[in-house]
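Right, one structure below, let's go through it.
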Amino acid sequence: MNNKPKRHGRRILITVAALAAAWLVIDKAVALVSPPPAVGGWRSEAGYASYRASYDAAMATLPTPTRTHDVRTTYGIVRVYEWAADTDADEDALPVVLLPGIRSGTPMWGENLTHWLGKRTLYAMDAIGDAGLSTQAIPFESFDHQVGWVEQALAGLDLAGVHLVGHSFGGATAATVAVHHPGRIASLTLLEPVMVLEAFPASTYLWSALLLLPAPQAWKDRALAEIGGVSIEEVRERTPVSVMIDEGSTHYAATTQTPRTLTDQEWRGLSMPVRVDIASDKSLAGGQDAAERARKLGVDTVTIWPGTTHSLPMQAAEPLGTELNAYWGSHDE
Numbered sequence: 002m003n004n005k006p007k008r009h010g011r012r013i014l015i016t017v018a019a020l021a022a023a024w025l026v027i028d029k030a031v032a033l034v035s036p037p038p039a040v041g042g043w044r045s046e047a048g049y050a051s052y053r054a055s056y057d058a059a060m061a062t063l064p065t066p067t068r069t070h071d072v073r074t075t076y077g078i079v080r081v082y083e084w085a086a087d088t089d090a091d092e093d094a095l096p097v098v099l100l101p102g103i104r105s106g107t108p109m110w111g112e113n114l115t116h117w118l119g120k121r122t123l124y125a126m127d128a129i130g131d132a133g134l135s136t137q138a139i140p141f142e143s144f145d146h147q148v149g150w151v152e153q154a155l156a157g158l159d160l161a162g163v164h165l166v167g168h169s170f171g172g173a174t175a176a177t178v179a180v181h182h183p184g185r186i187a188s189l190t191l192l193e194p195v196m197v198l199e200a201f202p203a204s205t206y207l208w209s210a211l212l213l214l215p216a217p218q219a220w221k222d223r224a225l226a227e228i229g230g231v232s233i234e235e236v237r238e239r240t241p242v243s244v245m246i247d248e249g250s251t252h253y254a255a256t257t258q259t260p261r262t263l264t265d266q267e268w269r270g271l272s273m274p275v276r277v278d279i280a281s282d283k284s285l286a287g288g289q290d291a292a293e294r295a296r297k298l299g300v301d302t303v304t305i306w307p308g309t310t311h312s313l314p315m316q317a318a319e320p321l322g323t324e325l326n327a328y329w330g331s332h333d334e
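The number in the working numbering is simply the position in the sequence shown, starting from 1, with 1 added.
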């Protein structure tokens, strides 16, 4: 199969991944000098109003959901969007659950949804403790504790079996959910999952440090471009989704914990089929090293996508859509 990604005109989706990846590193750096708030929340009513307007504008670019759920959990309320399968879809096709990268929320999946709609029911969740329309009720004690909301949300939706998918920070979340709460997961798909296979490269921390300093905006644009593997022009492009990312980063005080690298024993102990998709360039998942480790640990499908960066789901939306449809179909129970 030709895995070379199609170049899309909507370059903003690449920029979203650059910004999201950068903010994950920024949050880690800030936490070293000042503790995060106990529970994530909006810094002001005006800030939330500004974010909500941008969020609604970004959601308007997506296919209209069939239903919207607000699922109550111990950790808070999870906003979930559902796109129901077509009436003539395979009745044995299990639903897919999508977990977003940091600050990206449900709107990040806009480029991918069109390749999956109708074939099976899709659910996209806004993460608790991060910008979006989910709300947090209790502090997170660790990253492993943090992922419990996903299991409770699946239970609240009465989903007995799902294909769990995560990108970037959402990939780390999905992998950690699979370690602690494997019972509902029929398959696990990790798209450029940060830190669970390999730590960030040192260059990522160096470029991110520049974002914390009172440096000229042109320097910060260069840092974002280097972290995300995009051009400076792409970083500067403004569309509804990039505006939403900026608004969330500015107005939301997040409490997301830093993911940890999973042990060999944890990886080998996963009971469900696992696939890992890695970018060939500017990977924040660990690139070739992450792919080699995944293969040695027995991950059944490991793919390095040529010509892609950490923005892999957006850059390879069409071929990835085809591959994942086939992958999920081969693991429906």
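Glycine is no exception: its CB is placed at the ideal position from the N, C-alpha and C atoms.
This structure is a prediction, so every number in the text was calculated from the model and none was measured.
Alpha carbon of Arg296 to alpha carbon of Gly130, nearest angstrom
32 Å
Assigned exposure category for His252 - 16 Cβ within 10 Å defines buried
buried
Would you identify the three-state DSSP class for Arg68, choosing helix, strand or coil?
strand
Coil, strand or helix - Tyr76 by DSSP
coil
Residue of Trp208, Ser312, Val195, Lys120 minimising C-alpha distance to Phe144:
Val195
Could you check the C-alpha separation between Ser335 and Gly77 for me, to the nearest Å?
Because the chain in this structure spans residues 2 to 334, residue 335 falls outside the shown range and cannot be described.
The region 110-120 contacting the region 73-91, beta-carbon criterion three pairs below 8 Å:
yes
Nearest to Tyr56 (by Cα), restricted to the options Glu199, Leu158, Gly106:
Gly106
Stretch-stretch touch, CB-based, cutoff 8 Å, three pairs: the region 162-171 with the region 97-113:
yes
Same chain, Cβ closer than 8 Å to Asp222, neighbours up to 5 away in sequence not counted
Ile233, Val236, Arg237
Can Leu313 and Glu227 be called in contact, C-beta distance under 8 Å?
no
Answer yes or no: do Trp306 and Val97 have a C-beta to C-beta separation smaller than 8 Å?
no
How many whole angstroms separate the CB atoms of Tyr68 and Ala90, which I take to be in contact at a CB cut-off of 8 Å?
Sequence inspection shows Arg at residue 68; the Tyr mentioned does not correspond to that position. That belief does not hold up - the Cβ atoms of Arg68 and Ala90 are roughly 16 Å apart, past 8 Å.
Tell me the DSSP secondary structure of Gly116 in three-state form.
Looking at the sequence provided, one finds His at residue 116 rather than Gly. Note: His116 maps to coil in three-state DSSP.
Please confirm whether Asp338 and Arg269 have their CB atoms less than 8 Å apart.
Missing from the structure shown is residue 338; the chain here goes from 2 to 334 and no further.
Cross-strand partners of Tyr124 (DSSP beta bridge):
Glu83, Val98
Check the C-beta distance from Val163 over to Met126 and give it rounded, since I have them as a contact under 8 Å.
About 11 Å; that fails the 8 Å criterion.
Where Gly171 falls: helix, strand or coil (DSSP)
helix
Using only alpha-carbon positions, find the residue among Leu325, Ala59, His70, Pro260 that is nearest to Phe201.
Pro260
Assuming the contact rule is C-beta atoms closer than 8 Å, Val72 and Leu158 should be a hit. Round their C-beta distance to whole Å, please.
6 Å
Neighbourhood of Ala154 by C-beta, 8 Å cutoff - its chain only, sequence neighbours within 5 removed:
Val72, Thr74, Val79, Val81, Met126
Can Ala187 and Leu321 be called in contact, C-beta distance under 8 Å?
no
Distance check for Pro108 and His70, CA to CA, integer angstroms please.
16 Å
Taking buried to mean at least 16 other C-beta atoms within 10 Å of its own C-beta, is Arg8 buried or exposed?
With a pLDDT of only 40 at Arg8, under 50, the local geometry of the prediction cannot be trusted, and no value is derived from it.
Look at Thr262 and Val197 and say whether their C-beta atoms are less than 8 Å apart.
yes
Among Leu225, Met273, Ala132, Ala224, which residue has its Cα nearest to the Cα of Val180?
Met273
Distance check for Arg294 and Leu271, CA to CA, integer angstroms please.
15 Å
Kindly list the residues whose CB is nearer than 6 Å to the CB of Thr65, restricted to its own chain and excluding five residues on each side of it in sequence; keep chain order.
none
Is Ala161 helix, strand or coil when you go by DSSP?
coil
Cross-strand partners of Trp43 (DSSP beta bridge):
Tyr253
Alpha carbon to alpha carbon, how far is Ser204 from Ser284?
12 Å
Where does Pro6 land, buried or exposed, given buried means 16+ other C-beta within 10 angstroms?
Caution applies to Pro6, whose pLDDT of 40 falls short of 50 and renders its modelled position unreliable; the model cannot decide the point.
Does Thr304 come out as helix, strand or coil in the three-state DSSP assignment?
strand
Please classify Asp282: is it buried, with 16 or more other beta-carbons within 10 angstroms of its beta-carbon, or exposed?
exposed
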